[in-house]
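Asker: Each residue of the first sequence is one higher than the last, beginning at 12 in our numbering.
Glycine is no exception: its CB is placed at the ideal position from the N, C-alpha and C atoms.
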Amino acid sequence: MLQLIYIKDNKDTVLTGLKKKKFARAEETIEKVLSLDEERRHTQQQLDKILAEANNTARQIGQLMKEGKKEEAEKAKSEAAQSKSQSKELSDKLSATEEELTRLLYTIPNVPHPRVPEGSGADDNEVVVEAGEKPFLPATAQPHWELIKTYDIIDFELGNKISGAGFPVYKGKGARLQRALINYFLDEAIAAGYTEIQPPLLVNEDSGYGTGQLPDKDGQMYHATEDNLYLIPTAEVPITNIFRDVILKEDDFPVKCAGYTPCFRREAGSWGAHVRGLNRLHQFDKVEIVQIAHPDRSYEVLEEMRRHIIGLLEKLELPYRILNLCGGDLGFTAALTYDMEVWSAAQERWLEVSSVSNFETYQSNRLKLRYKPTEGKGTQLAHTLNGSALALPRILAAILENNQTEDGINIPKVLRPYCGFEKI
RNA sequence: GGAGAGGUGGGUGAGUGGCUUAAACCAGCAGUUUGCUAAACUGUCGUACGGGUCAAACUGUACCGGGGGUUCGAAUCCCCCCCUCUCCGCCA
Numbered sequence: 012m013l014q015l016i017y018i019k020d021n022k023d024t025v026l027t028g029l030k031k032k033k034f035a036r037a038e039e040t041i042e043k044v045l046s047l048d049e050e051r052r053h054t055q056q057q058l059d060k061i062l063a064e065a066n067n068t069a070r071q072i073g074q075l076m077k078e079g080k081k082e083e084a085e086k087a088k089s090e091a092a093q094s095k096s097q098s099k100e101l102s103d104k105l106s107a108t109e110e111e112l113t114r115l116l117y118t119i120p121n122v123p124h125p126r127v128p129e130g131s132g133a134d135d136n137e138v139v140v141e142a143g144e145k146p147f148l149p150a151t152a153q154p155h156w157e158l159i160k161t162y163d164i165i166d167f168e169l170g171n172k173i174s175g176a177g178f179p180v181y182k183g184k185g186a187r188l189q190r191a192l193i194n195y196f197l198d199e200a201i202a203a204g205y206t207e208i209q210p211p212l213l214v215n216e217d218s219g220y221g222t223g224q225l226p227d228k229d230g231q232m233y234h235a236t237e238d239n240l241y242l243i244p245t246a247e248v249p250i251t252n253i254f255r256d257v258i259l260k261e262d263d264f265p266v267k268c269a270g271y272t273p274c275f276r277r278e279a280g281s282w283g284a285h286v287r288g289l290n291r292l293h294q295f296d297k298v299e300i301v302q303i304a305h306p307d308r309s310y311e312v313l314e315e316m317r318r319h320i321i322g323l324l325e326k327l328e329l330p331y332r333i334l335n336l337c338g339g340d341l342g343f344t345a346a347l348t349y350d351m352e353v354w355s356a357a358q359e360r361w362l363e364v365s366s367v368s369n370f371e372t373y374q375s376n377r378l379k380l381r382y383k384p385t386e387g388k389g390t391q392l393a394h395t396l397n398g399s400a401l402a403l404p405r406i407l408a409a410i411l412e413n414n415q416t417e418d419g420i421n422i423p424k425v426l427r428p429y430c431g432f433e434k435i
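#1: Spell out the partners DSSP gives A402 in its beta bridges.
#2: Tell me the start and end of each unbroken alpha helix (DSSP H) in the stretch 348-417 that is at least 4 residues and wholly inside, in chain order.
#3: Count the other CB atoms, across all protein chains shown, that sit within 10 Å of the CB of I320; report buried if there are 16 or more and exposed otherwise.
#4: Is the beta carbon of G177 sitting closer than 7 Å to the one on L292?
#5: Contact check, W354 vs K145 under 8 Å by CB: the rounded distance?
#6: Where does G338 land, buried or exposed, given buried means 16+ other C-beta within 10 angstroms?
#7: Select from L148, L380, P179, N239 the residue whose C-alpha is nearest the C-alpha of Q294.
#8: Assuming A357 and L148 make a contact with CB atoms under 8 Å, what is their CB distance in whole Å?
#9: Report buried or exposed for P404, applying the criterion of at least 16 other Cβ atoms within 10 angstroms of its Cβ.
#10: Might you give, ordered along the chain, the residues of its own chain that have their beta carbon closer than 6 Å to the beta carbon of L327, omitting 5 neighbours on each side?
#11: Could you say if the stretch 77-84 and the stretch 94-104 meet the contact criterion of at least three C-beta pairs nearer than 8 Å?
#12: Between E314 and the rest of its own chain, which residues show a CB-CB distance below 6 Å, the 5 nearest in sequence each way excluded?
#13: Is C268 closer than 7 Å to I250 when the C-beta atoms are compared?
#14: In the DSSP output, what is R427 paired with across the bridge?
#15: Quick check on DSSP: helix, strand or coil for Y331?
#16: Pick out whichever of V248, V286, L336 has its Cα sitting closest to the Cα of H155.
#17: Taking just the CA atoms, how far does F34 sit from T24?
#18: Pair every Cβ in the stretch 202-222 with every Cβ in the stretch 240-254, then say whether three or more of these pairs are closer than 8 Å.
#19: I'd like to confirm the pairing. Which residues does DSSP put opposite D307 in its beta bridges?
#20: Which residue marks the beginning of the beta strand (DSSP E) containing V138, and which one marks its end?
#21: Distance check for T385 and Q189, CA to CA, integer angstroms please.
#22: So the candidates are N171, D340, I159, N66; which of them puts its Cα closest to the Cα of K182?
#23: If I follow the unbroken beta strand (DSSP E) through F275, where does it start and stop?
#24: Excluding sequence positions up to five away, which residues of its chain have a Cβ less than 7 Å from the Cβ of P210?
#25: Taking DSSP as the reference, what is the three-state secondary structure of E314?
#26: In angstroms, rounded to a whole number, what distance separates the CA positions of V298 and S365?
#27: Under the DSSP definition of a beta bridge, which residues are partnered with H234?
#28: Is it buried or exposed for D217, if we count other Cβ within 10 angstroms and need 16 for buried?
#29: Taking C-beta to C-beta, are V127 and R332 nearer than 7 Å?
#30: Pull up the CB-CB distance for L396 and Q302, whole angstroms please, since I reckon it's below 8 Å.
#31: What does the alpha-carbon distance come out to for the pair L45 and H124?
#32: Check each candidate in A142, T416, M351 and name the one with the smallest Cα separation from A152.
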């Protein structure tokens, strides 16, 4: 969530930003936030004063008792009892106000960065880069959901039998190619200075709130109710939560973590004709990169992450384009997001394979992820960033479709040492 | 799953109702000493929300796993919950 102090000091910027993000009732909400804050401070001042007096009296009573002045002590006691109901009332009011304030703050999305383009939907996203050559496919070319049957490398029917729709079974060279991609992505991340993490795949409620999946996207996660644990929808959740309630030192920056995990998504209500094959799944594999950055450097870090992902796409020889998401299409918590899409030649459409975002302090405020500046007092919120590097199924789809030939599918050169074969 | 023990600052760990404003030690930071390192010594050393100030100094409140209660006063007593550890059982 946004920092209260930021809203107070930058009211106009916040309002402009929220409008860009198509957040309805921006003025109304911000005014309410500011007046609640006013009320909160006023109440706290009153309460603090009463508590200070009460603490004083209590100390005096202790002193009187010690000196054996019982009568005086009794008198003081009855006085103290009076301020009690008063303080109870005030502290109830304080927590009610704070609660309402927090609840309201949770409903306000992050403010977009100035570089975010205006717009209301996917059509308004800015194409930053388009690179690579779209392959020319033979007339016999098949979409990946046919190819996987032809070569018997991914089996949806089997997954259907074991689990249900959206849980494919990877077989033989399909499984090996998948494993090759994971290892390749991890090795590249390590080479780029990321620390490899193998996090838990089930997380508790606190972690769900920490990265913002709860309470809003409750229905999107698989929930093991017996133990009140959630299957992770992305490695972002466990990895970022490593830093929940953490105060870093300034020279701890940059913190770079990468992890491979399966990801589980219920994708409630989002199935349709356009999500055939590997395009959308309940379980899929992904390598995620996460950075915790100094606020002054987070946009450099974002560009660094973007370059890292481009590097992967280029080495995989996939045509790609990069979108700078417009205000209306930007996620709730992001300040700036690049979507990376690869060209899927047989489907003749772009597939999103990565999304890199700077959340600035939006996540860290909720996580209480701070750092101590070397100069000066106190703590400051760090910036968090993450991105997929990369999500496997659509990459796999694009590799299969783009590299198909009359006599098999060519494996990109960079993956061959990892696969142990050159062709499917 | 059964039984027991326990959750206190960055760490170790004291603290059974009021000289606790959380001792002491370690680590950290600053300084002194020093040819350098080490050691020693001195000082400093939590977080959040307020007040105060140009900024500080200073100052109020809350926080000893979480939530409630008893009391003038709770780390300490009571209730509920969560978690960790040990042993047993089960098990890759």
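Answerer: According to the structure data:
#1: K297
#2: 373-378, 403-413
#3: buried
#4: yes
#5: 5 Å
#6: buried
#7: P179
#8: 6 Å
#9: buried
#10: P423
#11: no
#12: none
#13: yes
#14: None, per the DSSP bridge assignment.
#15: strand
#16: V286
#17: 14 Å
#18: yes
#19: None; D307 has no bridge partner.
#20: 137-142
#21: 44 Å
#22: I159
#23: 266-275
#24: A246, P249, I250, G270, T272
#25: helix
#26: 10 Å
#27: Y241
#28: exposed
#29: no
#30: 5 Å
#31: 22 Å
#32: T416
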